[in-house]
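Chemist: Please find one structure pasted underneath; my questions will follow.
There are 2 protein chains.
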Amino acid sequence: MRNSFQINGLERIAVVGVGLLGGSIGLALRAAGYTGRRVGIGRRLESLQKALNYDAVDEVTCDVPAGVADAQMVILGTPVGRFESLLSQMAPALRPGTLVTDVASTKVEVARLAARFLPQTVRFVGSHPMAGSEKAGVEYARADLFEDALCLITPSRSTPADTVEQVSGFWQALGGRTVKLSPARHDKLLARISHLPHAVAAALVQISLRNKAIELAGPGFGDATRIASGEPAMWTDIFRTNADNMVQAIDLLIAELRRFRERLAKDDARGIEKWLASSKLTRDQWVALRYEQGHKPKGTST
Amino acid sequence: MRNSFQINGLERIAVVGVGLLGGSIGLALRAAGYTGRRVGIGRRLESLQKALNYDAVDEVTCDVPAGVADAQMVILGTPVGRFESLLSQMAPALRPGTLVTDVASTKVEVARLAARFLPQTVRFVGSHPMAGSEKAGVEYARADLFEDALCLITPSRSTPADTVEQVSGFWQALGGRTVKLSPARHDKLLARISHLPHAVAAALVQISLRNKAIELAGPGFGDATRIASGEPAMWTDIFRTNADNMVQAIDLLIAELRRFRERLAKDDARGIEKWLASSKLTRDQWVALRYEQGHKPKGTST
Numbered sequence: 018m019r020n021s022f023q024i025n026g027l028e029r030i031a032v033v034g035v036g037l038l039g040g041s042i043g044l045a046l047r048a049a050g051y052t053g054r055r056v057g058i059g060r061r062l063e064s065l066q067k068a069l070n071y072d073a074v075d076e077v078t079c080d081v082p083a084g085v086a087d088a089q090m091v092i093l094g095t096p097v098g099r100f101e102s103l104l105s106q107m108a109p110a111l112r113p114g115t116l117v118t119d120v121a122s123t124k125v126e127v128a129r130l131a132a133r134f135l136p137q138t139v140r141f142v143g144s145h146p147m148a149g150s151e152k153a154g155v156e157y158a159r160a161d162l163f164e165d166a167l168c169l170i171t172p173s174r175s176t177p178a179d180t181v182e183q184v185s186g187f188w189q190a191l192g193g194r195t196v197k198l199s200p201a202r203h204d205k206l207l208a209r210i211s212h213l214p215h216a217v218a219a220a221l222v223q224i225s226l227r228n229k230a231i232e233l234a235g236p237g238f239g240d241a242t243r244i245a246s247g248e249p250a251m252w253t254d255i256f257r258t259n260a261d262n263m264v265q266a267i268d269l270l271i272a273e274l275r276r277f278r279e280r281l282a283k284d285d286a287r288g289i290e291k292w293l294a295s296s297k298l299t300r301d302q303w304v305a306l307r308y309e310q311g312h313k314p315k316g317t318s319t
Numbered sequence: 018m019r020n021s022f023q024i025n026g027l028e029r030i031a032v033v034g035v036g037l038l039g040g041s042i043g044l045a046l047r048a049a050g051y052t053g054r055r056v057g058i059g060r061r062l063e064s065l066q067k068a069l070n071y072d073a074v075d076e077v078t079c080d081v082p083a084g085v086a087d088a089q090m091v092i093l094g095t096p097v098g099r100f101e102s103l104l105s106q107m108a109p110a111l112r113p114g115t116l117v118t119d120v121a122s123t124k125v126e127v128a129r130l131a132a133r134f135l136p137q138t139v140r141f142v143g144s145h146p147m148a149g150s151e152k153a154g155v156e157y158a159r160a161d162l163f164e165d166a167l168c169l170i171t172p173s174r175s176t177p178a179d180t181v182e183q184v185s186g187f188w189q190a191l192g193g194r195t196v197k198l199s200p201a202r203h204d205k206l207l208a209r210i211s212h213l214p215h216a217v218a219a220a221l222v223q224i225s226l227r228n229k230a231i232e233l234a235g236p237g238f239g240d241a242t243r244i245a246s247g248e249p250a251m252w253t254d255i256f257r258t259n260a261d262n263m264v265q266a267i268d269l270l271i272a273e274l275r276r277f278r279e280r281l282a283k284d285d286a287r288g289i290e291k292w293l294a295s296s297k298l299t300r301d302q303w304v305a306l307r308y309e310q311g312h313k314p315k316g317t318s319t
């Protein structure tokens with residue numbers, strides 16, 4: 018579903034927060050043949066210098082209004098807890114017609130903040146590229162991070178269709194596969210497939226500490242808990258801005274675990290195996306569908 | 018901690034069940050310079066033929082007593098649900114002094130079955146190499162599967178020290194790092210770091226089915242649920258033979274999730290971040306310690 022969007026129609030693209038995702042956007046833009054200016058905006062000169070060294074951006078600044086002033090597109094790549102401050106700083110400086118999006122993992126709160134702080138003249142729609150890893154920092158940025166990655170685009174009812182199309186085209190230009198859904202639906206579903214697994218990974222690590230069980234842990238534990246090595250501050254923002262859905266998702270999981278516990282206590286061999294077989298089938302089908310072209314999942318490492 | 022064990026002191030080593038683990042033992046033996054005969058025992062001629070084709074064994078048979086009769090060492094590599102039948106079949110055929118071990122993931126039940134079915138003249142101690150993957154079959158066997166892997170050796174109080182030393186030496190010859198602990202302690206700790214994560218992965222997949230949320234899942238979900246693609250029959254055996262510890266582990270997890278749910282409901286930002294930071298620190302330290310020599314975890318894949 019490529020559309021008519023041309024990245025080189027944008028002379029300047031500003032990325033606020035040049036970490037793993039922001040840096041990868043910069044690298045992917047260059048790899049996709051983008052010839053315009055990539056502007057990196059951040060708080061710490063040291064990180065910005067690193068982004069320059071990695072050629073993730075062409076110029077950098079700590080001055081948010083100055084950084085976004087001449088950009089045709091602005092992408093927020095910081096944790097969502099910084100959005101209120103950033104949006105209010107950039108709002109007066111944005112040109113009419115500027116395309117604004119973000120890469121945060123919760124979208125209802127982002128839509129609320131954008132509606133509150135951005136002027137009507139600006140074209141905003143939220144994005145959530147399902148890429149990244151538990152690593153943080155531009156040193157882990159990759160030009161191919163969005164290649165074949167799902168990029169969720171979350172228009173509100175009032176978002177103009179051409180804004181959605183432009184932002185979708187942007188991610189497609191970087192190799193992503195775009196899917197549209199409402200911010201509310203996004204947050205509800207992501208609680209189940211992303212935020213809950215993260216909380217569970219953290220909980221499994223806590224339990225592994227008892228009796229120093231973790232000292233015996235092997236590769237399966239490593240996989241199951243990998244996401245628990247993600248950034249605590251960023252994930253605190255995600256959980257807090259999706260708290261209601263998270264509480265529901267935790268309740269679903271507790272109910273599911275209780276049913277399994279029941280089968281164990283009754284030594285219900287058939288019930289246990291059926292449950293495991295159904296989970297295996299579902300996951301194997303998902304892997305086949307998701308990675309059918311032989312692509313490996315991105316961002317997996319120790 | 019290499020000891021005086023010499024694999025070439027054993028003329029014949031029999032592996033019962035030549036799948037991922039059994040096949041890897043065969044390949045690792047050859048890679049370690051083993052010059053004796055590797056005997057593959059199984060139920061299906063087709064699997065045994067495959068094992069021969071992969072050079073995981075030198076000869077094969079479906080006849081358990083005949084296969085173990087002249088072996089100096091026998092390793093059970095099937096799911097634990099098959100052990101009762103296998104041990105009772107092989108018991109009369111085993112030579113006095115034969116070393117017997119296994120690779121099952123639960124050890125109390127295995128120790129009980131060995132004590133019940135094996136003659137006193139045979140030297141038995143359980144093993145649990147922490148290696149493998151969610152894949153099944155000799156086609157996924159690897160000569161380096163045990164390289165740097167933890168191999169848990171689980172003597173009972175009555176196990177002679179030299180039996181423990183011999184079996185430890187066997188795994189060390191294949192590249193493993195051995196740790197001794199009692200079967201009861203093994204099962205209690207493994208419930209927390211291996212069996213619980215497996216059940217949770219299966220539960221997360223079940224939850225991801227609601228509203229087709231799984232269609233939006235990304236690499237984090239893939240990592241967190243990878244082990245749910247494991248063999249249902251094998252895992253049913255593991256859960257059933259470690260049911261009491263599993264019930265306790267599930268209760269620990271539910272309590273941990275409830276505390277997190279509480280923090281979310283109260284919007285306790287500091288509590289959430291502290292909890293996440295503690296899990297991240299623990300896991301990062303584990304990764305550093307476990308893979309400090311730059312080794313990647315084994316067996317991770319799509």
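For the record, the sequence lines run as chains A and F.
Each number in this note's numbering comes from the position in the first sequence (counting from 1) with 17 added on.
Each number in this note's numbering comes from the position in the second sequence (counting from 1) with 17 added on.
By construction, the Cβ of each residue, glycine as well, lies at the ideal position given by its N, Cα and C atoms.
Classify K297 (chain F) as buried or exposed, calling it buried when 16 or more other Cβ atoms lie within 10 Å of its own Cβ.
Modeler: buried
Chemist: Assuming D301 (chain F) contacts S225 (chain A) (C-beta within less than 8 Å), just tell me the rounded distance between them.
Modeler: Incorrect: roughly 13 Å between the Cβ atoms, too far for contact.
Chemist: Can you pull the chain A residues whose beta carbon is under 8 Å from the beta carbon of E273 (chain F), in chain order?
Modeler: A220, Q223, I224
Chemist: If I follow the unbroken alpha helix (DSSP H) through D301 (chain F), where does it start and stop?
Modeler: Counting along the chain, the alpha helix (DSSP H) containing D301 (chain F) begins and ends at 286-307.
Chemist: If we cut at 8 Å on Cβ distances, does A131 (chain F) have a partner in chain A?
Modeler: No, A131 (chain F) lies away from the interface with chain A (no Cβ there is under 8 Å from its Cβ).
Chemist: Using C-beta distances below 7 Å, list every residue in its chain close to L248 (chain F), excluding the 5 sequence neighbours before and after it, in chain order.
Modeler: In the sequence under discussion, the amino acid at residue 248 (chain F) is Glu, which differs from the Leu named in the question. Cβ within range, chain order: A153.
Chemist: Using DSSP with H/G/I as helix, E/B as strand and the rest coil, what is V32 (chain F)?
Modeler: strand
Chemist: Name the DSSP bridge partner or partners of M90 (chain F)?
Modeler: F:I30, F:L116
Chemist: Can you tell me whether K315 (chain F) is buried or exposed, with buried defined as 16 or more other CB within 10 angstroms of its CB?
Modeler: Residue placement at K315 (chain F) is poorly supported in this model, since its pLDDT is 45, which falls under 50; the coordinates are not used for a value here.
Chemist: For E325 (chain F) and chain A, any beta-carbon pair shorter than 8 Å?
Modeler: Since the first and last residues shown for chain F are 18 and 319, residue 325 (chain F) lies out of range.
Chemist: Do you know how far the Cα of A286 (chain F) is from the Cα of K237 (chain F)?
Modeler: The displayed chain sequence assigns Gly, not Lys, to residue 237 (chain F). Rounded to the nearest angstrom, the two C-alpha atoms are 23 Å apart.
Chemist: In angstroms with no decimal places, state the Cα-to-Cα distance between S173 (chain A) and S64 (chain F).
Modeler: 56 Å
Chemist: CA-CA distance, I58 (chain A) and D165 (chain A)?
Modeler: 27 Å
Chemist: Could you name the residues of chain A that V33 (chain F) contacts, counting a contact when the two beta carbons are closer than 8 Å?
Modeler: Near V33 (chain F) there are no residues of chain A at all, since even the closest Cβ is about 22 Å away, more than 8 Å.
Chemist: Cβ closer than 9 Å: which chain A residues qualify as neighbours of V196 (chain F)?
Modeler: Contact annotation for V196 (chain F) against chain A: E232, L233 [CB-CB distance below 9 Å, chain order].
Chemist: Name the DSSP bridge partner or partners of P146 (chain F)?
Modeler: F:C168
Chemist: Is the shortest distance between the beta-carbon of N262 (chain A) and the beta-carbons of chain F less than 8 Å?
Modeler: no
Chemist: Buried or exposed, going by whether 16 or more other CB atoms sit within 10 Å of the CB of A83 (chain F)?
Modeler: exposed
Chemist: List, in chain order, every chain F residue whose beta-carbon is nearer than 8 Å to that of I244 (chain A).
Modeler: G237, D240, A241
Chemist: Bridge partners for T195 (chain A) per DSSP, in chain order?
Modeler: DSSP, once it has assigned bridges, lists A:C168 as partnering T195 (chain A).
Chemist: Tell me whether E151 (chain A) is buried or exposed, calling it buried when 16 or more other Cβ atoms sit within 10 Å of its Cβ.
Modeler: Buried, because 16 or more other Cβ atoms sit within 10 Å of the Cβ of E151 (chain A).
Chemist: So, at 8 Å on beta carbons, what are the nonlocal neighbours of R60 (chain F) in its own chain, with the 5 sequence-adjacent residues on each side left out?
Modeler: C79
Chemist: Under DSSP, the alpha helix (DSSP H) around I224 (chain F) begins and ends at which residues?
Modeler: 213-225
Chemist: Between the Cα of T115 (chain F) and those of F:D204, F:L135, F:E290, spot the shortest distance and give me the residue it belongs to.
Modeler: F:L135
Chemist: Find out if the Cβ-Cβ distance for the pair Y71 (chain F), E156 (chain F) is shorter than 8 Å.
Modeler: yes
Chemist: If you count every other CB in all the chains shown that lies within 10 Å of the CB of N262 (chain A), and 16 or more means buried, which is it?
Modeler: buried
Chemist: For a contact defined as C-beta to C-beta under 8 Å, what are the partners of R227 (chain F) on chain A?
Modeler: R209, L269
Chemist: What's the call for S185 (chain F), buried or exposed, on a 16-neighbour Cβ count within 10 Å?
Modeler: buried
Chemist: Going by C-alpha to C-alpha distance, which of A:R112, A:A219, A:N228, A:A241 sits closest to L206 (chain F)?
Modeler: Here the closest residue by C-alpha is A:N228.
Chemist: Measuring CA to CA, which of F:S144, F:L274, F:Q106 is closest to G124 (chain F)?
Modeler: The residue you asked about is not Gly; residue 124 (chain F) is Lys in the sequence shown. With distances taken between Cα atoms, K124 (chain F) lies closest to F:S144.
Chemist: Which residue wins for smallest C-alpha separation from Q137 (chain F), given the options F:T180, F:A148, F:G98?
Modeler: F:T180
Chemist: Does the Cβ-Cβ distance between T242 (chain F) and A208 (chain F) come in under 8 Å?
Modeler: Between T242 (chain F) and A208 (chain F), the CB-CB gap reaches or exceeds 8 Å.
Chemist: Among A:V304, A:R29, A:G43, which has the Cα closest to the Cα of L191 (chain A)?
Modeler: A:G43
Chemist: Quick check on the DSSP output: the beta strand (DSSP E) that includes V125 (chain F) runs from which residue to which?
Modeler: Segment 125-134 is the alpha helix (DSSP H) holding V125 (chain F); no beta strand (DSSP E) there.
Chemist: Is any beta-carbon of chain F found at less than 8 Å from that of P172 (chain A)?
Modeler: no
Chemist: Which residue comes first and which comes last in the alpha helix (DSSP H) that contains V56 (chain F)?
Modeler: Per DSSP, V56 (chain F) belongs to no alpha helix (DSSP H); it is in the beta strand (DSSP E), 54-58.
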